[in-house]
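Numbering (the numbering used here), first residue to last: -18 to 123.
Backbone N, C-alpha and C fix where the C-beta goes; we use that ideal spot for every residue, glycine too.
Please read these numbers as outputs of a predicted model, since none were measured by experiment.
Accompanying notes for the structure given below.
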């Protein structure tokens, strides 16, 4: 997705910055608006400089908008065995695939997925990454 954060400097209010959705909390189906899919989304960011550093130092953000998501669907559900590999913050790029595969696997309509085995291999840059990565990985275990 591309985020526009209006809480920052005037020159940045019109800039868009790319991020990956790594997690979402599903919303109950709404008959009035069937396009509603998530109650909240989670983005992981690695503070380096610029906007990611300022976002990491903020407790709250009052005004944000986003465009997307963009990209291609990989259709991993068509494979018997799926292996997802990531290093460091790259975990953000594979969590959504793992979550979707498991959601389909345990849904009422299982005809959509043939995946029998899902392996996730994550190499941490340092042990502190376990603090934010472990809760997501534990949520994937059923």
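Asked: Beta-carbon within less than 6 Å of residue 33's beta-carbon, same chain only, minus the 5 sequence neighbours each way: which residues are those?; Found: 26
Asked: To the nearest angstrom, report how far apart residue -10 and residue 55 are at their CA atoms.; Found: 37 Å
Asked: Cα-Cα, which of 82, 74 and 36 is closest to residue 58?; Found: 82
Asked: State buried or exposed for residue 63, treating a residue as buried only when at least 16 other CB atoms are found within 10 Å of its CB.; Found: buried
Asked: Would DSSP call residue 115 helix, strand or coil?; Found: helix
Asked: Rounded to whole angstroms, what's the CA-CA distance from residue 49 to residue 70? Just pull it up for me.; Found: 21 Å
Asked: Going along the chain, which unbroken runs of the alpha helix (DSSP H) with 4 or more residues stay wholly within the segment 41 to 118?; Found: 72 to 86
Asked: Hey, could you find the ends of the beta strand (DSSP E) residue 24 is sitting in?; Found: 19 to 24
Asked: Rounded to whole angstroms, what is the Cα-Cα separation between residue -1 and residue 61?; Found: 32 Å
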